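In what follows, a structure is listed as structure tokens, so that the remarks can point back to it.
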Amino acid sequence: MKIEEGIRLSRFTTFGAGGPARWFASPESVDELAVALRFANEQEAGVAVVGLGSNLLVADEGVDLLVLKLAGELAAAEARDGLLRAGGGAPNAVALHRARAAGLGGFEFACAIPGTIGGGVWMNAGAYGGELSQVLGRVLVATAEGTGWLTPGELGLSYRHSNLRHGQVVVEAELRLHSRPPEEIKAVVRTLNAQRKAAQPTNRRTFGSVFKNPKHELSAGRMLEACGLKGHRIGGAQISPKHANFIENADGARSADAVALMAVARRRAHEQYGVELRHEVELLGDLALPPL
Ligand SMILES: Cc1cc2nc3c(=O)[nH]c(=O)nc-3n(C[C@H](O)[C@H](O)[C@H](O)COP(=O)(O)OP(=O)(O)OC[C@H]3O[C@@H](n4cnc5c(N)ncnc54)[C@H](O)[C@@H]3O)c2cc1C
1431 MKIEEGIRLS RFTTFGAGGP ARWFASPESV DELAVALRFA NEQEAGVAVV GLGSNLLVAD
1491 EGVDLLVLKL AGELAAAEAR DGLLRAGGGA PNAVALHRAR AAGLGGFEFA CAIPGTIGGG
1551 VWMNAGAYGG ELSQVLGRVL VATAEGTGWL TPGELGLSYR HSNLRHGQVV VEAELRLHSR
1611 PPEEIKAVVR TLNAQRKAAQ PTNRRTFGSV FKNPKHELSA GRMLEACGLK GHRIGGAQIS
1671 PKHANFIENA DGARSADAVA LMAVARRRAH EQYGVELRHE VELLGDLALP PL
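Under my numbering, the first residue of the sequence shown carries the number 1431, and numbering increases by one thereafter.
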């Protein structure tokens, strides 16, 4: 495993923006991960993991961190005896494929979530009434001090939230699934994907939902649509004309463009509805929203 300097993170985000990481490594095993975490400790550097970068905005100036992208056995998945074991870096699509092949259902909701298992645990990813907390057995987490298993209770999972902090790496997760014929799983996935395609800009570069849904009769998307923000543009970033809780990289957007749009959206929702929208997307590096 090489520890490289100055790798641009725009390559690893679905939005396609973000500056370089001070250090970057792709550990392929628990031993390699331990080496990387020791290196960061020696350098007194912070550590962050990038999954598929589908919920991530990285500062354009870059980040003064060791950024890890889990690979090899840390990105694999296997299903056996009703249990799906998936590496933190395993894409949901791979995990779902393994589950379906083994006739295990319960993870279908993740078909339209274009991230990894680790990214899903980090924010208790969910869709269509399902979320990770419903199927999670236990999670192996590594830090510079060593590894240990955490229960969903210890992870503090709630709506798009866990207690995990940078420096804690999701190495592996065990998902408890139930028997379901593969054809049935396939049919459910087909229906959910069609619903997703009809409602969201799936063919654009985005980072998924910008804001969490507030406790309000309107969802964040409907609220921003009612504020007249569909299609609103700053620099290369644009509020999706299809779904107002998405920001598209319309043309060479920088992360700062997206953050500026988010600031406008929060201000408008606050003025019109008295609601303080909270961002769902993770901000990495020196990126912050101005106070309302
Ligand atoms: C088109 C589109 C649709 C989406 N729809 C949904 C949806 O329906 N529901 C939903 O919940 N989300 C959705 N998302 C958002 C996103 O896919 C999820 O949040 C996903 O779980 C993020 O996973 P990731 O691997 O891409 O994480 P990243 O975006 O790479 O990282 C997100 C956070 O997780 C941390 N992280 C990632 N991997 C690890 C690890 N192994 N250990 C520790 N920390 C880690 C990162 O440091 C970061 O803080 C959507 C995104 C897009 C682009």
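Using N, Cα and C, we set each Cβ at its ideal position, and we do this for glycine too. Given the structure is predicted, the values throughout are model-derived calculations rather than measurements.
- Of the candidates 1597, 1541, 1701 and 1677, 1597 places its Cα closest to the Cα of residue 1476.
- In this structure residue 1465 is exposed. Its beta-carbon is surrounded by fewer than 16 other beta-carbon atoms within 10 angstroms.
- If you check the CB distance, residue 1530 and residue 1514 do not come in under 8 Å.
- Residue 1488 and residue 1680 have their C-alpha atoms some 17 Å from each other.
- Between residue 1707 and residue 1644, the C-beta spacing is below 8 Å.
- Taking all protein chains in view, the Cβ of residue 1595 is surrounded by fewer than 16 other Cβ atoms within 10 Å, so the residue is classified as exposed.
- Linking residue 1441 to residue 1695 through their CA atoms gives a straight-line distance of about 27 Å.
- By the C-beta density criterion, residue 1662 is buried, having at least 16 other C-beta atoms within 10 angstroms.
- In terms of Cα proximity to residue 1568, the closest of 1559, 1574, 1558 and 1586 is 1586.
- In chain order, 1660 and 1661 place their CB closer than 7 Å to the CB of residue 1671, counting only its own chain and leaving out the 5 sequence neighbours on each side.
- Close CB contacts of residue 1470 within its chain, under the 6 Å cut and outside five residues either way in sequence, are with 1477 and 1496 (chain order).
- Rounded to the nearest whole angstrom, the CA to CA distance from residue 1438 to residue 1566 is 33 Å.
- Here residue 1456 is actually not in contact with residue 1507; their C-beta atoms are around 18 Å apart, not less than 8 Å.
- For ligand 1, a non-hydrogen atom lies closer than 7 Å to the CB of residue 1600.
- If you draw a 10 Å sphere on the C-beta of residue 1702, you find fewer than 16 other C-beta atoms in it, and that means exposed.
- The straight-line gap separating the alpha-carbon atoms of residue 1705 and residue 1588 is approximately 20 Å.
- In the structure shown, residue 1588 adopts extended strand secondary structure according to DSSP, grouped into three states.
- Here residue 1494 is exposed. Its C-beta has fewer than 16 other C-beta atoms within 10 Å.
- For residue 1662, the Cβ stays outside the 7 Å cut-off from all heavy atoms of ligand 1.
- Counting along the chain, the unbroken alpha helix (DSSP H) around residue 1469 starts and ends at 1460-1473.
- When secondary structure is reduced to three states using DSSP, residue 1530 falls in the helix class.
- C-alpha of residue 1452 to C-alpha of residue 1653: approximately 39 Å in a straight line.
- For residue 1605, the shortest separation between its Cβ and any heavy atom of ligand 1 does not lie below 7 Å.
- For residue 1517, the enclosing beta strand (DSSP E) starts and ends at 1513-1517.
- A distance criterion of 7 Å places the beta-carbon of residue 1637 in contact range of ligand 1, judged by its closest non-hydrogen atom.
- Around the beta-carbon of residue 1549, 16 or more other beta-carbon atoms lie within 10 Å, marking it buried.
- For the segment 1672-1717, the continuous beta strand (DSSP E) assignments of 3+ residues that do not extend past its boundaries occur at 1677-1679 and 1712-1714, in sequence order.
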